[in-house]
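Student: Chains as they are written, first to last, in my numbering: chain S, 376 to 765; chain U, 803 to 1060.
For each residue, glycine too, the CB sits at the ideal point set by N, CA and C.
Computed from a predicted model, the values in this text were never measured in an experiment.
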Amino acid sequence: MKNILTIFKKEWDRVIKDKRLVMSVMILPGLMIFLIYSFIGNATTSMMQPDDANVAIVNAPQSFINLYESVEDLEILNTVFVEESSEELYVGRIDEGNWDVWIVFDDDFETYDGTGDKPGVRVYFNPNNSQSQSVYNRFSGYLYQYQNALSLALYGDTTYFAMDIDNTEINQDIIAGRMFSMILPMLVIMFLFSGAMSIGPESIAGEKERGTIATLLITPVKRTEIAIGKVFSLSVLSLISTISSFIGIIASFPKLFEMEGIDSSIYGVGDYVMLLLLLFSTVFVIVGMISILSAYAKNLKEAGTLIVFVYIATILVGVTSMFSESADSRFVMYLIPIYNSVQTMKAIFTFETGVLTYLLVSIGANIVYAGILIFILNKMFQSERIMFAK
Amino acid sequence: MDPMIHVDDITKTFRLSRKQQKIEHTSDRIKVAVNHLSFSAYPGEIYGLLGPNGAGKTTCLRCISTLIQPDSGSITVHGHSVQDDPDAVRKEIGFLTSDLKLEDFFTPNYLFDYFSRLHGVDPEVSQARKKSLFSRFGIDKFAEVKVGELSTGMRQKAQIAISLVHDPKVIVFDEPTNGLDVLTAKVVTDYLKELRDEGKTIIVSTHIFSLVEKICDRVGIILNGTLKKTLLLGDLVKNEEDLENLFFDLVQEEAGEA
Ligand SMILES: Nc1ncnc2c1ncn2[C@@H]1O[C@H](COP(=O)(O)OP(=O)(O)OP(=O)(O)O)[C@@H](O)[C@H]1O
Ligand SMILES: [Mg+2]
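1) Quick one: using the 10 Å Cβ neighbour count with 16 as the cut-off for buried, is S:Val433 buried or exposed?
2) Any heavy atom of ligand 1 inside 7 Å of the beta-carbon of U:Ala835?
3) Can you check whether the C-beta of U:Phe917 is within less than 8 Å of a C-beta belonging to chain S?
4) Measuring CA to CA, which of S:Asp703, S:Thr695, S:Tyr511 and S:Leu396 is closest to S:Met557?
5) Is any non-hydrogen atom of ligand 1 found closer than 7 Å to the C-beta of U:Lys859, if you look at the structure I gave you?
6) Relative to ligand 1, is the shortest distance from any of its heavy atoms to the C-beta of U:Phe975 smaller than 7 Å?
7) Determine whether the Cβ of U:Leu902 lies closer than 8 Å to any Cβ atom of chain S.
8) Under 8 Å Cβ-Cβ, which residues of chain S neighbour U:Ile870?
9) Would you check if there are 3 or more beta carbon pairs closer than 8 Å linking the stretch 673-685 of chain S to the stretch 608-623 of chain S?
10) Determine the direct distance from the alpha carbon of S:Ile415 to that of S:Tyr535, and round the result to whole angstroms.
11) Along chain U, which residues have their Cβ under 8 Å away from the Cβ of S:Ala589?
12) To the nearest angstrom, how far is it from the Cα of S:Ala537 to the Cα of S:Leu527?
13) DSSP three-state call for S:Arg553: helix, strand or coil?
14) Can you give me the C-alpha to C-alpha distance between S:Met407 and S:Ile742, rounded to a whole angstrom?
15) Ligand 1 heavy atoms versus the CB of U:His1009: any closer than 7 Å?
16) Could you name the residues of chain U that S:Lys385 contacts, counting a contact when the two beta carbons are closer than 7 Å?
17) Counting only the same chain and skipping the five closest in sequence on each side, list residues whose C-beta sits under 6 Å from that of U:Phe897.
18) Given S:Phe568, which residues of its chain have a CB within under 6 Å of its CB, disregarding the five upstream and five downstream residues?
19) Report the three-state DSSP secondary structure of U:Leu839 (helix, strand or coil).
20) How many angstroms separate the CA atom of S:Lys605 from the CA atom of S:Val692?
21) Can you find at least 3 beta carbon pairs, one from the stretch 936-944 of chain U and one from the stretch 974-985 of chain U, that sit closer than 8 Å?
22) For the structure I just gave you, are there three or more beta carbon pairs, one from the stretch 827-839 of chain U and one from the stretch 995-1015 of chain U, closer than 8 Å?
23) Kindly list, in the order they appear in chain U, the residues whose Cβ is closer than 9 Å to that of S:Ile391.
24) What I want to know is whether the C-beta of U:Leu898 ends up closer than 7 Å to one or more non-hydrogen atoms of ligand 1.
25) Is the Cβ-Cβ distance between U:Cys865 and U:Ile812 less than 8 Å?
26) Based on DSSP bridge pairs, tell me the residues matched to U:His968.
27) Output the boundary residues of the alpha helix (DSSP H) element that contains S:Trp387.
28) Hey, out of S:Ile550, S:Leu609 and S:Ile564, whose CA is closest to S:Ile579's CA?
29) Count the other CB atoms within 10 Å of the CB of S:Met649; is the residue buried (16 or more) or exposed (fewer)?
30) Relative to the alpha-carbon of S:Ser704, which residue among S:Tyr647, S:Lys721, S:Glu600 and S:Met697 has its alpha-carbon at the smallest distance?
31) I think U:Asn1026 touches U:Glu1046, with their Cβ atoms under 8 Å apart; what is that distance to the nearest whole Å?
32) Where U:Ser829 and U:Thr815 are concerned, what is the direct C-alpha to C-alpha distance, given to the nearest angstrom?
33) By DSSP, does U:Ile1023 sit in helix, in strand, or in coil?
34) Whether or not the stretch 744-752 of chain S and the stretch 819-828 of chain U are in contact is what I'm after, with contact meaning three or more pairs of Cβ atoms, one per stretch, closer than 8 Å; do they touch?
Okay, here's the thing in structure tokens:
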């Protein structure tokens, strides 16, 4: 036990006392993710920001103006009220894509009494231009509504019942949670892996390549203690790295989604504790895998190559969280490493009621896997062919 | 007196990769590095393994130090079997070879404490030992400099001190003066003699005749993995024999056999 601590402490010091590593493992991940996602958020919102809608209207009835003004965003709506004589000018502009919609109401529009010729509305737009098309879609909608309203006024109240539609109050938390649960599990697994990947190979394959592990192997420290000490410290460090990334992503969410209420405050302390426990058990499995590949590899480069394959496989498993609305409900599935973490995270983020069972099954399974991986690593430390391959 | 180290008929082979086969210009898949080798070393003596490059010296020392295991034969250190109880052997032995490196990132001071703890040395004892070893090898001047920033010689001094954190009864030293200037080499050889006089068992490997003549009490000449002859240095002096000539005779004999 004392030896495990000694080895833990050395691995810890190796990272913590190295300013470059502290930056690259603990500070940069969160910072970079925050900056990148905030940037993506800003970029996409400005991309989705519609341009001004340009509408020219002749003889606009006041009631129609009231109708569309109650719906449209007036900051980006540019309406001009013009004479019919300027038709050629606006039609030309629309054809060139410089104007969106032209609407002409007949003179005596509002005085129609239901007899004789119906008054007309003419509309001109450019379907080749998406902006024009979209403004037209909206305004044709207003026109139909307006038409309905006028018809009603004409024939009196022809409806037989009044409708009053109501719905369940929208729960912002559940909607936000579903959004988190689509993206976060995959990202968190990626953070865990990349955190472990940035220190694991160095600590085992690197030590092997440079011959420093042999210095450790001639001490009377049990190989199990070396394996546990290394895996523990690498796990804690990777977890810190993950938390840094996690904070970065959570902090960038409001910017990414440009939506109120999409932030980490929808989750309580309990949710975060569950998440932390889950991640801590998961990181052991990931570090265990990385350690074994690093111990197997002849040098750092080979370790990197081997680990990338597992990284890709892990990401593929993480992506499964994007294809389902809710967590997998089959318990056996929670025995599959990585997949269990992804699904349990999904359950945590979507406030699922069965989450505690998923969590316990996953943690239990992860502990067993970590134990097996440490056992294998211990055996590898004992093998001279693996440790002293030339 | 019982031998402190008893090497009994050990053989060690390595499987060669394609690349290694090319380097060694051989089509054999297997390289016999140590071939039925036996010798003993006693407390209070420096035993030398003398042999040319590739003779199997380092391989033999690595077997004694539990880093690798012989294919056949047995080794005991202070009665503990290297194969059956390696941890007990590791407690008794200090192994020094250029294959064992210190981590560049840490300072000699840090690493001394680290390995002391791993060897379970009492902190107070460890501090006193550190003080005396560091001043002995002049490490105090660079105790707080990262190993990566030390010169080869400084690094080797730090390595020597750190391999002795647990004050081992047995010291196994591969090429003790390799890469050291004459002054440092003398500090090291003087220290080895001092340790011998304290009753420690010391095995060194080398291809340098003068080193053998300077510090060894007995020497085993090893060629192609086999121990050809064991000599008492005292006898050589008495008989006015020259170690170098004896060695070349053996090499010629070996070449004739082959
Ligand atoms: N891990 C290994 N794999 C394959 N061959 C090896 C291995 N280790 C040593 N050998 C071979 O075993 C033989 C003996 O090597 P060893 O290092 O013991 O020689 P040495 O006497 O120490 O030589 P030197 O004076 O050059 O240090 C050499 O031919 C070497 O190539
Ligand atoms: Mg050698």
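Tutor: Once the coordinates are examined:
1) buried
2) yes
3) At a cut-off of 8 Å between beta carbons, U:Phe917 contacts chain S.
4) S:Thr695
5) yes
6) no
7) yes
8) Correct list: Glu759 and Phe763.
9) no
10) Legend: pLDDT at S:Tyr535 = 48, less than 50; position of this residue unreliable, value from coordinates given subsequently. Between S:Tyr535 and S:Ile415, the C-alpha separation is close to 51 Å.
11) Leu869, Asp901, Leu902 and Lys903
12) Confidence at S:Ala537 is low in this model, with a pLDDT of 48, below 50, so its placement is unreliable and the value that follows should be read with caution. Our two residues, S:Ala537 and S:Leu527, have alpha carbons roughly 13 Å apart in a direct line.
13) In the structure shown, S:Arg553 falls within a helical segment according to DSSP collapsed to helix, strand and coil.
14) 31 Å
15) yes
16) In chain order: Tyr916.
17) Ser867 and Val974
18) Ile661, Tyr686 and Thr689
19) U:Leu839: strand per DSSP, three-state reduction.
20) Taking the straight line joining both Cα atoms gives about 26 Å.
21) no
22) no
23) Result: empty, since nearest Cβ-Cβ is about 11 Å, beyond 9 Å.
24) Not so, every heavy atom of ligand 1 lies at least 7 Å from the Cβ.
25) yes
26) Per DSSP, none; premise fails for U:His968.
27) First-last of the alpha helix (DSSP H) with S:Trp387: Lys377 to Ile391.
28) S:Leu609
29) buried
30) S:Lys721
31) That belief does not hold up - the Cβ atoms of U:Asn1026 and U:Glu1046 are roughly 19 Å apart, past 8 Å.
32) Distance between U:Ser829 and U:Thr815, taken at the CA atoms: about 15 Å.
33) In the displayed model, U:Ile1023 falls within a strand according to three-state DSSP.
34) no
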